[in-house]
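Asker: There's a structure below that I have some questions on.
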Amino acid sequence: MPTEHLIIGILIFVLSYATIVSEKINRTIVALLGAILMIVFQVLSQTEALQHIDFNTLGLLVGMMIIVNIIKRTGLFQFLAIYTAKKAKGNPIRILIYFSAITAVTSGLLDNVTTILLIVPVTLVVADSLKINPIPFIISEIMSANIGGAATLIGDPPNIMIGSFTGLGFLDFVINLAPLMFIIFIVNILIIKLIYKKSLIVDPKEQKKLMDLNPHKAITDRGLLIKSLIVLFFTIAGFTLAEFIGLESATIALFGASVLLLICKIEPEEILVDVEWATIFFFGGLFILVGALEVVGVISAMAEALLQITKGSVKITTIVILWTSSILSSFLDNIPYVATMIPLVDKMESLSAVDFSPVWWALSIGACLGGNGTIVGASANVVARGIVERDNRKLSFLSYMKIAYPLMVLSIVISTVYLLVFYL
Amino acid sequence: MNKYINSEASQHVMKLLLLGANVQLVSGKMVYVKFTLENDIQVAYVYHINKKNKYFLERIKPYPLPIREFDTADEVIDIIQLDFHQYENAAKSRKIREFINLNKEMHSVMKSFEDLFLYYNIPEASLNSIKENVLKAKETILEASKSANRVFFEKDPENL
Numbered sequence: 358m359p360t361e362h363l364i365i366g367i368l369i370f371v372l373s374y375a376t377i378v379s380e381k382i383n384r385t386i387v388a389l390l391g392a393i394l395m396i397v398f399q400v401l402s403q404t405e406a407l408q409h410i411d412f413n414t415l416g417l418l419v420g421m422m423i424i425v426n427i428i429k430r431t432g433l434f435q436f437l438a439i440y441t442a443k444k445a446k447g448n449p450i451r452i453l454i455y456f457s458a459i460t461a462v463t464s465g466l467l468d469n470v471t472t473i474l475l476i477v478p479v480t481l482v483v484a485d486s487l488k489i490n491p492i493p494f495i496i497s498e499i500m501s502a503n504i505g506g507a508a509t510l511i512g513d514p515p516n517i518m519i520g521s522f523t524g525l526g527f528l529d530f531v532i533n534l535a536p537l538m539f540i541i542f543i544v545n546i547l548i549i550k551l552i553y554k555k556s557l558i559v560d561p562k563e564q565k566k567l568m569d570l571n572p573h574k575a576i577t578d579r580g581l582l583i584k585s586l587i588v589l590f591f592t593i594a595g596f597t598l599a600e601f602i603g604l605e606s607a608t609i610a611l612f613g614a615s616v617l618l619l620i621c622k623i624e625p626e627e628i629l630v631d632v633e634w635a636t637i638f639f640f641g642g643l644f645i646l647v648g649a650l651e652v653v654g655v656i657s658a659m660a661e662a663l664l665q666i667t668k669g670s671v672k673i674t675t676i677v678i679l680w681t682s683s684i685l686s687s688f689l690d691n692i693p694y695v696a697t698m699i700p701l702v703d704k705m706e707s708l709s710a711v712d713f714s715p716v717w718w719a720l721s722i723g724a725c726l727g728g729n730g731t732i733v734g735a736s737a738n739v740v741a742r743g744i745v746e747r748d749n750r751k752l753s754f755l756s757y758m759k760i761a762y763p764l765m766v767l768s769i770v771i772s773t774v775y776l777l778v779f780y781l
Numbered sequence: 013m014n015k016y017i018n019s020e021a022s023q024h025v026m027k028l029l030l031l032g033a034n035v036q037l038v039s040g041k042m043v044y045v046k047f048t049l050e051n052d053i054q055v056a057y058v059y060h061i062n063k064k065n066k067y068f069l070e071r072i073k074p075y076p077l078p079i080r081e082f083d084t085a086d087e088v089i090d091i092i093q094l095d096f097h098q099y100e101n102a103a104k105s106r107k108i109r110e111f112i113n114l115n116k117e118m119h120s121v122m123k124s125f126e127d128l129f130l131y132y133n134i135p136e137a138s139l140n141s142i143k144e145n146v147l148k149a150k151e152t153i154l155e156a157s158k159s160a161n162r163v164f165f166e167k168d169p170e171n172l
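Set out below in structure tokens:
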């Protein structure tokens, strides 16, 4: 590999990464431009570039986005929100707990951003009906979405990427991460409850009004709801059985999406236009950017250097990856971070010839939970703030961080103990 | 941005459903059309194109006037063209500004009348008096049209 290709490759990668982090230019444009520049400057060929795109990740994302785009038309979330708010008898703390639990579970089955896009609007309506501040609910929901998303293969993009690369399946994620995320969710919710217990007071008159609402009115298409839930059920079942039936997760998601498109009687264009194509292209660009670093040998060099620092110890590597990932992910977009770390960890694994599974779990936990630290730490957080701001409310960086950052650090402490006890 | 609009729409739908409304979200494109006449009078329209092949056209300037629903894009363009030609022709008159101001005044009267019946219990006598004055104004308009020269011939007037 000529030295100029190495220098150009590193330069394009660093510039692209810095621009993505600065958020001055749309991240999809930067990733695409960076990827194309890698090809233009012959750091890697077009064929090599395409080989580095993980189409399993992209297929899984597109498939799930299609399924969700159809489900959200049924009014299911509006129904769930009103139903649970009534079950909570309009008690705000109970509503906060129930909504957070719904968010965590849903986030495990759908991706975090989608979950936030579904739960935050209904939360705003319920908070508006009760005439209370929605911000405590939103903070709790953001954190629950990131925690729930970390529990499964399909819950958070870093897990999708890790699963796709390593071959770790839906069940592997559930068995290894769901118990930990359950503990973290409980601890998190108990602390949030303590923080907001005294500030969330509702006028009994408003509580009575909420009790008069009829959740069934929120269901806009019962037939479509039943069809969508059946398809979602079989898709999730397909994920859990993927390794036994020998299918990749993207095949299962796209099969579910195609069947639902066939039976939903909605114009496909209408559904496909709502797929987040910008995110899909962002992933594509990133895979090429990181692939170029692999081709020029940077990833191998970094892996060797990291192994020297950790002296090849899986225990030290796991803890270092967990904490580094969580701290970096709390300020940076965790998707490009994980995209870079995957080949790095893979290279370290191949060089050290020991079982590196704890390191992969540490990467997943750190990247997913780290996103909870600040309002810019994960896409779900940014989207939640966007919705809140469109509702003429403010969720500032500091007001979120002072609640969320200590909770994020606590979740990483719990994760450290979990990994040390069960894996190291 | 699309995701934020969808999320806001879902809030609206939920609030309206809870009020007991039947709500339908119709995706499409909003087209905003603006012409500026020689004497700086603006004529503007807005219409919505959607997959149901229904076009909702409304004139918003120089004063708002709901036009109606159309079945084809050509019909919408034809109506805009005709309406604009009417204004283009009317703008040649020195009395165009007075005409527009008077029309705005009549709209304001309509709004006052709406408030009257929404907010007050009006005695029969007051209602009759208003009716009498409206009919008188209508008669005056009709008489004015008979005694004046017609200046626009692309289409016959619909209300006179």
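Quick note, the sequences are listed as chains A and B, same order.
Under the numbering used here, the letters of the first sequence match residues 358 to 781, in that order.
Under the numbering used here, the letters of the second sequence match residues 13 to 172, in that order.
All residues carry an ideal CB built from backbone N, CA and C; glycine is no exception.
Grab the span of the beta strand (DSSP E) containing R71/B for me, first residue to last.
Answerer: From DSSP, the beta strand (DSSP E) with R71/B extends over 67 to 73.
Asker: Put Q54/B into one of helix, strand or coil per three-state DSSP.
Answerer: Strand.
Asker: Where I609/A and S22/B are concerned, what is the direct C-alpha to C-alpha distance, given to the nearest angstrom?
Answerer: For I609/A and S22/B, the distance between alpha carbons rounds to 29 Å.
Asker: Determine the DSSP secondary structure at N174/B, reduced to helix, strand or coil.
Answerer: Since the displayed chain B opens at 13 and closes at 172, residue 174/B lies outside it and no answer follows.
Asker: What's the C-alpha gap between L679/A and V774/A?
Answerer: Approximately 11 Å, taken between the alpha carbons.
Asker: Kindly indicate the opening and closing residues of the alpha helix (DSSP H) around F530/A.
Answerer: Counting along the chain, the alpha helix (DSSP H) containing F530/A begins and ends at 527 to 553.
Asker: Roughly how many angstroms lie between the CA atoms of Q403/A and L510/A, to the nearest whole one?
Answerer: Spanning the two alpha carbons is a distance of roughly 30 Å.
Asker: Going straight from the alpha carbon of F779/A to that of D411/A, what length do you get?
Answerer: Using only the alpha carbons, I get a separation of about 31 Å.
Asker: Using a Cβ-Cβ cut-off of 8 Å, state whether K46/B counts as contacting chain A.
Answerer: No, K46/B does not count as interfacial toward chain A.
Asker: Taking only three categories from DSSP, how would you classify E627/A?
Answerer: Helix, per DSSP.
Asker: Which residue wins for smallest C-alpha separation from R357/A, given the options Q408/A, P572/A, A484/A, N691/A?
Answerer: This structure cannot settle anything about residue 357/A, because the visible part of chain A is limited to 358 through 781.
Asker: Just to confirm, are I489/A and L557/A a CB contact at a threshold of 8 Å?
Answerer: Result yes, Cβ atoms of I489/A and L557/A sit closer than 8 Å.
Asker: Which two residues bound the contiguous beta strand (DSSP E) that contains F82/B?
Answerer: From DSSP, the beta strand (DSSP E) with F82/B extends over 77 to 82.
Asker: Going by beta-carbon coordinates alone, are V477/A and I450/A separated by less than 8 Å?
Answerer: No, these two residues do not count as a Cβ contact at 8 Å.
Asker: Can you have a look at L711/A and say buried or exposed, based on whether 16 or more other CB atoms are within 10 angstroms of its CB?
Answerer: It is worth fixing the name first, because residue 711/A is Val in this sequence and not Leu. When all chains shown are included, V711/A counts as exposed.
Asker: Per DSSP, which residues does H60/B bridge with? Please list them.
Answerer: M42/B, F68/B, per the DSSP bridge assignment.
Asker: With DSSP as the reference, label F713/A as helix, strand or coil.
Answerer: If DSSP states are grouped into helix, strand and coil, F713/A belongs with coil.
Asker: Taking the DSSP output, what are the residues bridged to F2/B?
Answerer: Summary: the structure shown does not reach residue 2/B, with chain B confined to residues 13 through 172, and so no result is reported for it.
Asker: Counting only runs of 4+ residues fully inside the region 81 to 148 of chain B, write out the alpha helix (DSSP H) ranges in chain order.
Answerer: Counting only runs of 4 or more, we get 85 to 102, 108 to 131.
Asker: Can you give the Cα-Cα distance for V483/A and L567/A, rounded to whole angstroms?
Answerer: When rounded, the distance between both Cα atoms is 8 Å.
Asker: Terminal residues of the continuous alpha helix (DSSP H) containing V485/A?
Answerer: In the sequence as displayed, the identity of residue 485/A is Asp instead of Val. Where D485/A is concerned, the enclosing alpha helix (DSSP H) stretches over 469 to 487.
Asker: Check whether chain B comes within 8 Å of P491/A, counting only Cβ atoms and requiring the distance to be less than that.
Answerer: Closer than 8 Å: no.
Asker: Just to confirm my understanding: we take V88/B, look at its own chain, exclude 5 residues before and 5 after, and list those with CB closer than 6 Å. What are they?
Answerer: Correct list, in chain order: Y59, Y67, L69, F82.
Asker: By how many angstroms is the C-alpha of V462/A removed from the C-alpha of A438/A?
Answerer: Distance between the alpha carbons of A438/A and V462/A: 14 Å.
Asker: With the cut-off set at 8 Å, would you say N113/B and V163/B are in Cβ contact?
Answerer: Their beta carbons are not under 8 Å apart, which means N113/B does not touch V163/B by this criterion.
Asker: Using the C-alpha atoms, what's the distance from A160/B back to S120/B?
Answerer: In a straight line, the C-alpha of S120/B is about 26 Å away from that of A160/B.
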